[in-house]
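Residues 974 to 1204 (the working numbering) are what the sequence shown spells out, left to right. Glycine included, every Cβ here is placed at the ideal spot set by N, Cα and C.
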Amino acid sequence: MEITYRFTLDTGQTELFGLRFTSDTLEADWPLPPELPDWTRLSYFTCSHCPFDVETTEFCPLAARLVDVIDKLGHLISYTPLLVEVETPERTINQRTTAQRGVSSLLGLIIPTSGCPYTAFFKPMARFHLPFASSDETFYRAASMFMLAQYFMHDTPERVDLHMMGLSRIYADMEIVNLQLVQRLKAATQADSSVNAVIILDLFAKSMPFVLEDRLEDFRHLFLPFINLKT
């Protein structure tokens, strides 16, 4: 699978990201830079729950996947206006937006496929990537993804989580990842668009454990035909 992001500034400058993913595992499958900067080292702002050993793993897989983004867009301030064109296997989307929103959408695709085990839960959303998704769209997609996962676990009913407590835990783990990623990006760039791009993603992660039940109720009326179906 391939997805392309093209950023065009008002000055005419264009930055292109051709992202290729393995078809079976949906892992990032484009080459890393031959030399990685210090801010990508695993020992640099390591997540408290990181499963990797700094003695055997030199670089954070997530940070390493963001080097190209920082090199090309890290100089932009958050509200720099630009045009973003996204080509997915299904469609092409053009969006006039700000640097922080454009980068946030790009990171929402790269982060799940980076090789970090805490972000891998979002691979189904990356496969059906929706650029510039609203908070309602993101919540609906995340909740739907989680419930489909429960279907695939029906052979082990003791693991099935219909109350979606596991979704809150997934996002709580993402808060830790986002916090350390922000610290890395602060060291990597002088501008704020990349940092704020992660903060945009983190605001959703922070709210999920507290608003899950209320947000689910917001969608209940859409499912009344199912609820009221007489069998």
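Chain-order list of residues whose beta-carbon lies under 7 Å from that of residue i (same chain, five-residue window excluded)
i	result
threonine 1086	Phe994, Leu999, Glu1000, Ala1001, Lys1096, Ala1099
glycine 1047	Ala1161, Thr1162, Ala1164, Ser1167
threonine 1013	Phe1032, Cys1033, Ala1036, Ala1037, Val1040
glycine 1081	Leu1174
histidine 1102	Ile976, Thr1061, Leu1082
glutamine 1156	Phe1018
serine 1021	Ile1149
glutamate 988	Phe980, Lys1045, Leu1046
cysteine 1089	Pro1034, Leu1035, Val1150
First through last residue of the beta strand (DSSP E) which encompasses residue i
i	result
phenylalanine 990	987–993
leucine 1176	Looking at the DSSP string, leucine 1176 is not in any beta strand (DSSP E); the run it does join, the alpha helix (DSSP H), is 1166–1191.
phenylalanine 980	975–982
Whole-number beta carbon distance between residue j and residue i, since they are thought to touch under 8 Å
i	j	result
serine 1141	leucine 1185	6 Å
alanine 1170	valine 1059	Rounded, the Cβ-Cβ distance is 15 Å, inconsistent with contact.
phenylalanine 1105	arginine 1074	7 Å
tyrosine 1144	methionine 1181	4 Å
aspartate 1109	glutamine 1123	With 8 Å as the limit, aspartate 1109 and glutamine 1123 do not qualify as a contact, their Cβ atoms being about 22 Å apart.
alanine 1178	glutamate 1148	5 Å
phenylalanine 1025	leucine 1015	6 Å
leucine 1055	asparagine 1067	Leucine 1055 to asparagine 1067, Cβ: 11 Å. No contact.
Own chain, CB closer than 6 Å to residue i, minus 5 neighbours either side, in chain order
i	result
tyrosine 1052	Thr1071
tyrosine 1091	Asp1146, Val1150
serine 1078	Pro1104, Phe1105
tyrosine 978	Phe990, Val1059, Leu1079
Per DSSP, the bridge partner or partners of residue i
i	result
alanine 1036	Alanine 1036 is not bridged to any residue.
glutamate 1058	Arg979, Asn1067
arginine 1014	Phe1032
Residue i: first and last residue of the uninterrupted alpha helix (DSSP H) it sits in
i	result
serine 1141	1138–1161
phenylalanine 1199	1197–1200
>> Give the list of continuous alpha helix (DSSP H) stretches no shorter than 4 residues that lie fully inside the stretch 1070–1134.
In response: 1072–1083, 1096–1100, 1108–1125
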